[in-house]
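Reviewing the structure listed below.
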Amino acid sequence: MMIDNQNIKKILSALDKQIGISQGAPISIVVCGGTALFALKLILRTTKDVDVIGKISMSHGRIKIEKIDEFPEWFEKAAKIVQRDFNLPDNWINTGPAKQIETGLPNGFEKRLVKRACGEYLTVYFISRLDQIHFKLYASLDRGGYHTDDLFALKPSSEEILMASQWVLTQDVSSEFRDILKSFLMEKGYENIAKQF
Amino acid sequence: MKISPNNFKEELQNKLIELHWKQWTALGLSSNVKEQSRWFIDLESLILSTLFIGRFDKRLLGESLGWILKNRRYINLSRLKNLSKHFLEKIKYPNGPLIIEGLIDLIEEIQRTADSKIGGIDIDSVSQSFPEEYSQTIRNMVLKNSVVEPQVKKNASMQLHLRCIFGVNARVEILLYLMTIKEGNSNRIAKEIFYNQKIVYRILESWSGAGFLARQRKKRETLYLLQDGSMFVKSISDVEKFHYINWGEFFTFFDNLLLVLDAEPWSSDAYLVSSSFRNVIEEAIITGRYFDITYPDIKLYQGDSFFHPFASKTLDILTKTLK
Chain Y
978 MMIDNQNIKK ILSALDKQIG ISQGAPISIV VCGGTALFAL KLILRTTKDV
1028 DVIGKISMSH GRIKIEKIDE FPEWFEKAAK IVQRDFNLPD NWINTGPAKQ
1078 IETGLPNGFE KRLVKRACGE YLTVYFISRL DQIHFKLYAS LDRGGYHTDD
1128 LFALKPSSEE ILMASQWVLT QDVSSEFRDI LKSFLMEKGY ENIAKQF
Chain X
548 MKISPNNFKE ELQNKLIELH WKQWTALGLS SNVKEQSRWF IDLESLILST
598 LFIGRFDKRL LGESLGWILK NRRYINLSRL KNLSKHFLEK IKYPNGPLII
648 EGLIDLIEEI QRTADSKIGG IDIDSVSQSF PEEYSQTIRN MVLKNSVVEP
698 QVKKNASMQL HLRCIFGVNA RVEILLYLMT IKEGNSNRIA KEIFYNQKIV
748 YRILESWSGA GFLARQRKKR ETLYLLQDGS MFVKSISDVE KFHYINWGEF
798 FTFFDNLLLV LDAEPWSSDA YLVSSSFRNV IEEAIITGRY FDITYPDIKL
848 YQGDSFFHPF ASKTLDILTK TLK
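So the sequence lines, in the order shown, correspond to chains Y and X. So for the first sequence, the numbering used here puts the first residue at 978; every next one is plus one. So for the second sequence, the numbering used here puts the first residue at 548; every next one is plus one.
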């Protein structure tokens, strides 16, 4: 069964309830990828998993994002029951993009997060449209395919493509990667931005 | 018609209580419900299930205790103890161990006293071992005149009839098994009737040696089926085909469902109830088979959408049981 904007609310609410049943603790997670795209109604498509970048902790009233190496046992237990209850694939919720925290997030990322409480235990922070553009540009250069489709479905402005381009160059500083970026920008009609690099 | 978790719980509870009354009525309790006649009653399963369901109907609990007092000689305490392990494993009622231990103590106590006398039992002391919600009913336990001796020659009380013939031991349940399921190996029979396999094996071998049973070798297993015993069965019952229900499995399935539906946060949450339905789908499928009721594949329903198909099939089972 795929995850989409019709069932995501129910799935996350179910996860919240199962965390309670599994005697878990309140947890706030940061979600990117396809789930964040349709949860914020940016692009209506389906996905097979929920990508978690990290968890939120509050420090002096400010949001801090921490890496999750692995989910707590009670979270895994709750997720397993939800997997069965919604016929979801293995690892339907995973920390695949967690290493992004180590390589660096776009400036102002935390402030742009969109908070959704899913119940008593689970709070989900979806990454914003601008940060999706950053991540999708990076993924387009790396893997292409549906990431490129997602990038342009977000209808980015030239300013946004410029900001995202500047950020992706902090993720890979090699000259080869710079050439890949320039070539991509040229191909997609952003010659003026490509010339800046 | 769609049904809410609360309405489902209410309907399930009412039907389940009615089923208990129907079985107890067939065994001699006085009530305004029609006694059950289609299936053999399993006394030990009924006693244990009534203990759990009795918290919703104190009169049922009280009357059944009166029956136990009067008809204690029919109760197989050893089998009751075996079955109680099954009940405790399946029904996670917090007071479960306490009420079962209290019941076993009570039956041991009353079986030690002379027939039809309860004067020798220290009811106050016995009632104290039960949780508060039960102790009052135990304290009020009296030998009622309204409780009559069961009419053991009725099909529903075949177990008691056979106990009058063979004594209160495993022979009765083995024969009931072979009368209904027709054949089985010692392991399968022991598991189904809640006895030790060694005991069952010895009886099967002894009966087979006497020609009462036939032994058949099928692949790696030895199956036993009625031989001369079928003549005996015909002599005690005019029913050609008996319907079989494993009441131990049946009652634990329903009692457990009721427990889930009665507990927060499940009781009012269609998703959590559906999730717990998925936990017992195997038991539901087995129970449904007795009545040709097929449960839907859980994979076809996401989250709380499983609630209605499951609830509807489950109520269908009880409706058929009550006919």
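Every residue, glycine too, gets a C-beta built ideally from N, C-alpha and C.
Taking just the CA atoms, how far does residue j sit from residue i?
| i | j | result |
| --- | --- | --- |
| F1112 (chain Y) | V1008 (chain Y) | 12 Å |
| I783 (chain X) | M705 (chain X) | 9 Å |
| L624 (chain X) | D1046 (chain Y) | 54 Å |
| K745 (chain X) | S999 (chain Y) | 40 Å |
| I615 (chain X) | I980 (chain Y) | 56 Å |
| S674 (chain X) | N642 (chain X) | 14 Å |
| K562 (chain X) | I864 (chain X) | 10 Å |
| G776 (chain X) | T861 (chain X) | 36 Å |
| L1014 (chain Y) | P1074 (chain Y) | 15 Å |
| K1132 (chain Y) | L1017 (chain Y) | 15 Å |
| G1031 (chain Y) | D1108 (chain Y) | 15 Å |
| R602 (chain X) | S1105 (chain Y) | 54 Å |
| K987 (chain Y) | K994 (chain Y) | 10 Å |
| I657 (chain X) | P843 (chain X) | 46 Å |
| W1144 (chain Y) | R1155 (chain Y) | 12 Å |
| Y748 (chain X) | N1064 (chain Y) | 44 Å |
| N734 (chain X) | V715 (chain X) | 21 Å |
| I845 (chain X) | P856 (chain X) | 10 Å |
| Q1060 (chain Y) | S577 (chain X) | 50 Å |
| K632 (chain X) | P1049 (chain Y) | 33 Å |
Name the DSSP bridge partner or partners of residue i?
| i | result |
| --- | --- |
| E1087 (chain Y) | E1087 (chain Y) pairs with nothing; no bridge assigned. |
| I588 (chain X) | In the DSSP output, where bridge partners are listed per residue, I588 (chain X) has none listed. |
| K1044 (chain Y) | Y:G1031 |
| T1024 (chain Y) | Y:I980 |
| A936 (chain Y) | A question about residue 936 (chain Y) goes unanswered here, because the residues of chain Y that appear run from 978 up to 1174. |
| T769 (chain X) | X:R764 |
| S1036 (chain Y) | Y:R1039 |
| V673 (chain X) | For V673 (chain X), which the question treats as bridged, DSSP gives no partner whatsoever. |
| E730 (chain X) | X:L772 |
| H790 (chain X) | X:W586 |
Where does residue i land, buried or exposed, given buried means 16+ other C-beta within 10 angstroms?
| i | result |
| --- | --- |
| L1021 (chain Y) | exposed |
| H708 (chain X) | buried |
| K556 (chain X) | buried |
| E525 (chain X) | Past the boundaries of the shown model lies residue 525 (chain X); chain X is included only from 548 to 870, so the question cannot be answered. |
| K617 (chain X) | buried |
| N930 (chain Y) | As displayed, chain Y neither begins before 978 nor continues past 1174, which places residue 930 (chain Y) out of reach and without an answer. |
| T866 (chain X) | exposed |
| Q763 (chain X) | exposed |
| E501 (chain X) | Here chain X has residues from 548 to 870 only, and residue 501 (chain X) is not among them. |
| D851 (chain X) | buried |
| M1035 (chain Y) | exposed |
| E591 (chain X) | buried |
For residue i, tell me which candidate among the options has the shortest Cα-Cα distance.
| i | options | result |
| --- | --- | --- |
| F779 (chain X) | X:Q560, X:G758 and X:K766 | X:G758 |
| V1150 (chain Y) | Y:F1174, Y:L1131, Y:L1139 and Y:E1136 | Y:F1174 |
| K596 (chain X) | X:R619, X:E565 and X:S577 | The amino acid occupying residue 596 (chain X) in the given sequence is Ser; Lys does not appear at that position. Among X:R619, X:E565 and X:S577, the Cα nearest to that of S596 (chain X) belongs to X:E565. |
| F1052 (chain Y) | Y:L992, Y:F1086, Y:N984 and Y:E1168 | Y:L992 |
| L819 (chain X) | X:F853, X:T841 and X:S592 | X:F853 |
| P697 (chain X) | X:Y621, X:E829 and X:I657 | X:Y621 |
| L598 (chain X) | X:S753, X:N803 and X:V715 | X:N803 |
| R626 (chain X) | X:F801, X:Y742 and X:I832 | X:Y742 |
| A1116 (chain Y) | Y:A1141, Y:F1103, Y:A1055 and Y:C1095 | Y:A1141 |
(request) Return the residues of the region 810-843 of chain X that lie within a Cβ-Cβ distance of less than 8 Å from chain Y, sorted by chain order. (result) P812, D816, Y818, L819, S821, S822 and R825
(request) Please list the residues of the region 847-867 of chain X that have a C-beta atom closer than 7 Å to any C-beta atom in chain Y, keeping them in chain order. (result) Q849 and G850
(message) To be precise: take each residue of the region 1153-1171 of chain Y, compare its Cβ to all Cβ atoms of chain X, and keep it if any distance is under 7 Å. Which residues remain?
(response) none
(message) At a CB distance below 9 Å, what residues from the region 1127-1156 of chain Y approach chain X? Give them in sequence order.
(response) none
(message) Along the region 1057-1080 of chain Y, where does the CB come closer than 8 Å to a CB of chain X? Name the residues.
(response) I1058, R1061, D1062, F1063 and N1064
(request) Compile a chain-ordered list of the residues in the region 1091-1112 of chain Y whose CB is closer than 9 Å to at least one CB of chain X. (result) none
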